[in-house]
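What follows is a short report on a single structure.
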Amino acid sequence: KQEVTQIPAALSVPEGENLVLNCSFTDSAIYNLQWFRQDPGKGLTSLLLIQSSQREQTSGRLNASLDKSSGRSTLYIAASQPGDSATYLCAVKGGGATNKLIFGTGTLLAVQP
Amino acid sequence: DVKVTQSSRYLVKRTGEKVFLECVQDMDHENMFWYRQDPGLGLRLIYFSYDVKMKEKGDIPEGYSVSREKKERFSLILESASTNQTSMYLCASNQGLAGSYEQYFGPGTRLTVT
């Protein structure tokens, strides 16, 4: 059974720092991995989607990498800003016919001004 | 831009009431999902639908039903609301293989059952 873990559960950094959020999964037979951002009391916003055949994806100050064989993905945020404060979740979609995403429990990020 | 909308941001209902949560997506997505999110438990899938009138149970379907009469609309029904159904409910959709299964979420409905 696929399990997705995000460490750390919470992170606090000063503004301007580069930071890395981690996501690990137990079954490497994934179709893709998606990173989301969630602001308090709101829905999830898709940040980046990495297909299983890809190694990384970039969008602005965000870069997500995928190492399927080791069951790991990282989300790199460059030059963090207070507006980046949110919960970040990763989710994997398994291979085959399943349409389900398996979510991690998230990392709560606080960027201090 | 994909847009997923939910009928209410906040809802307060009494125990035993029948509750309808509605979700609409505007991108002709084939797949739609209902999740609930609770502190410490993360997101849990209640039901999903891969076509009009087609549905499949997720991980926690008990106490819920769904309806998909039109492709763009997916409703979650609580037949007789109970206090343990107080939660944040999130609707999502994706285009399946054609869209690489990238999932898009609505803003959420915070339901309180008293």
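Same order as they appear, the protein sequences are chains S and Y.
Going by the numbering used here, the first residue of the first sequence is number 1, and it counts up by one from there.
Going by the numbering used here, the first residue of the second sequence is number 1001, and it counts up by one from there.
Note that CB positions come from ideal geometry on N, CA and C, so glycine has one too.
Tell me, please, whether the stretch 1003 to 1017 of chain Y touches the stretch 14 to 24 of chain S by the rule of three or more beta-carbon pairs shorter than 8 Å.
no
Give me whichever residues DSSP pairs with residue 93(S) in a beta bridge.
The residue you call residue 93(S) lines up with position 93 of the first sequence. The partner list for residue 93(S) (beta bridge, DSSP) reads 32(S) and 101(S).
Using only CA atoms, which one of 1016(Y), 1025(Y) and 1017(Y) lies nearest to residue 1105(Y)?
To locate residue 1105(Y), count along the second sequence from 1; it is residue 105. The shortest C-alpha separation from residue 1105(Y) is found at 1025(Y).
Other residues of its chain near residue 94(S): CB distance less than 8 Å, five sequence neighbours each side excluded
Taking the first residue of the first sequence as position 1, residue 94(S) is located at position 94. Excluding positions up to five away in sequence, the list reads 2, 27, 29, 30, 31, 100 and 102.
Along chain S, which residues have their Cβ under 9 Å away from the Cβ of residue 1068(Y)?
Against the second sequence, residue 1068(Y) aligns to sequence position 68. By Cβ distance, chain S contributes nothing, its closest Cβ being about 14 Å from residue 1068(Y), past 9 Å.
Provide the residue span of the beta strand (DSSP E) that contains residue 1042(Y), from first to last.
Locating residue 1042(Y) in the second sequence gives position 42, counting from the first residue. Start and end: 1042 to 1051.
Any beta carbon of chain S sitting closer than 7 Å to that of residue 1102(Y)?
Start at 1 with the first residue of the second sequence, and residue 1102(Y) comes out as number 102. Interface residue, yes.
How many angstroms separate the CA atom of residue 61(S) from the CA atom of residue 1095(Y)?
Residue mapping note: residue 61(S) aligns to position 61 of the first sequence, counting from 1. Residue mapping note: residue 1095(Y) aligns to position 95 of the second sequence, counting from 1. Each residue's alpha carbon lies about 27 Å from the other.
Residue ranges of each beta strand (DSSP E) within the stretch 14 to 71 of chain S, 3 or longer:
19 to 25, 30 to 38, 44 to 51, 56 to 59 and 62 to 67
Is the CB of residue 1106(Y) under 7 Å away from at least one CB in chain S?
Here the question's residue 1106(Y) lines up with position 106 in the second sequence. So, interface residue.
Residues in the same chain with beta-carbon distance under 7 Å from residue 1107(Y), minus the five sequence neighbours each way, listed in chain order, please.
Here residue 1107(Y) corresponds to residue number 107 of the second sequence, with the count starting at 1. Same-chain partners within the cutoff: 1006 and 1009.
If you draw a straight line from the C-alpha of residue 1018(Y) to the C-alpha of residue 51(S), how long is it?
Residue mapping note: residue 1018(Y) aligns to position 18 of the second sequence, counting from 1. Residue mapping note: residue 51(S) aligns to position 51 of the first sequence, counting from 1. Whole-angstrom Cα-Cα distance: 41 Å.
Identify the continuous beta strand (DSSP E) that holds residue 1017(Y) and give its terminal residues.
Translated into the one-based positions of the second sequence, residue 1017(Y) becomes position 17. No beta strand (DSSP E) holds residue 1017(Y); DSSP gives it neither H nor E.
What does residue 63(S) reach in chain Y if we use C-beta pairs closer than 7 Å?
By 1-based counting over the first sequence, the position of residue 63(S) is 63. Neighbours of residue 63(S) on chain Y: none; closest Cβ ~18 Å, over 7 Å.
Please list the residues of the stretch 22 to 33 of chain S that have a C-beta atom closer than 9 Å to any C-beta atom in chain Y, keeping them in chain order.
31 and 32
DSSP bridge partner residues for residue 1101(Y) (one or two, in chain order)
The residue labelled residue 1101(Y) in the question sits at position 101 within the second sequence. DSSP, once it has assigned bridges, lists no residue as partnering residue 1101(Y).
For residue 1027(Y), which beta-bridge partners are listed by DSSP?
Counting from 1 along the second sequence, the entry for residue 1027(Y) is found at position 27. Paired residue(s): none; residue 1027(Y) is not in a bridge.
Listed by chain order, chain Y residues near residue 18(S) by CB distance under 7 Å
As a working note, residue 18(S) is residue 18 in the first sequence. Simply none; closest approach about 26 Å.
Candidates 1114(Y), 1093(Y), 1101(Y) and 1100(Y): closest to residue 1047(Y) by CA position
Working through the second sequence from its first residue, we reach residue 1047(Y) at position 47. Minimum Cα distance to residue 1047(Y) is reached at 1093(Y).
Answer yes or no: do residue 88(S) and residue 37(S) have a C-beta to C-beta separation smaller than 7 Å?
Position 88 of the first sequence, counting from 1, holds the residue named residue 88(S). Position 37 of the first sequence, counting from 1, holds the residue named residue 37(S). Yes; because the gap between Cβ atoms is below 7 Å, this pair is in contact.
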